[in-house]
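In our numbering, the protein residues as written are 1 to 190. Okay, structure first, notes after.
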Amino acid sequence: MTEGAHRGFRRVRRIGGTTASRLAWALCALTLLVLAASLVLILLGWSTPLPHGATPWRDWAVSLIGIVGAPILGGLIASRRPRNLYGWLWLGFGLGLSFQLLAGAYASYALVEPGSLVAPRAIPQLLNPGGPLALTLATFLLLLFPTGRLPSLRWRVVAWIVVVSGAVLISLSFFYRNPDQAGARSPFWP
């Protein structure tokens, strides 16, 4: 390879790495914005008691604090080592959990302040697949630790079972009714 071609290749690799780094931090920022929206809903509804059986506001806040580390860790790993799948898994895991948290906080706030939010049934229903997505990615976080690769080729079967199970769970989650939506029906069926 000539010196000019080698320099050009390094430039392309650097740009690709910069793009991956920016994408990682953009996903981290998106997740933190979703968590901030959840925090706003939690704080707005904090003084209003929730119906019996609904998750208390305090529990939503504790969940939010627990989720914050996942996208930051994912952003750090994925921005420095974009080819390692492990950082991207942490970003996806954090995004899925943040969507699930926003769905629950949105539904709870819609319960205590009727008419204050747009589409109080449809939006939580569309955000619901975040939970099964996070569950699926959590399995891969365990399978791919610490190298970002499966321990051996034998684990491919387990990985495929996780992928298929995750796809089924995500599909079914569109029809699941959040227990915090007392009396609400799924927007996809009567």
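A virtual CB, placed ideally from N, CA and C, is assigned to each residue, including glycine. Remember, predicted model here, so these are calculated numbers, not experimental data.
Let me know the secondary structure DSSP gives residue i once reduced to three states.
i: V62; result: helix
i: V157; result: helix
i: A107; result: helix
i: A26; result: helix
Are the beta-carbon atoms belonging to residue i and residue j less than 7 angstroms from one another?
i: P124; j: Y106; result: yes
i: C72; j: W60; result: According to the sequence provided, residue 72 is Ile. The question's Cys does not apply to it. Taking 7 angstroms as the Cβ cut-off, I72 and W60 do not qualify as a contacting pair.
i: G94; j: A70; result: yes
i: G203; j: L137; result: Only positions 1 to 190 of the chain appear in the structure, and residue 203 is not among them; the question remains open.
i: F140; j: L89; result: yes
i: I170; j: L127; result: no
i: S79; j: W25; result: yes
i: S192; j: P129; result: Because residue 192 is not part of the residues shown, which for the chain are 1 to 190, the question remains open.
i: V118; j: T48; result: no
State the start and end residues of the unbroken alpha helix (DSSP H) segment that holds residue i.
i: P132; result: G130 to L143
i: F175; result: Looking at the DSSP string, F175 is not in any alpha helix (DSSP H), and its letter there is neither H nor E.
i: P124; result: A122 to L127
i: R80; result: G69 to R80
Hey, is residue i's beta-carbon within less than 7 angstroms of any beta-carbon in chain B?
i: S116; result: The chain labelled as chain B is not found in the depicted structure, where only one protein chain is given.
For the stretch 30-40 against the stretch 100-116, are there 3 or more C-beta pairs whose distance is under 8 angstroms?
yes
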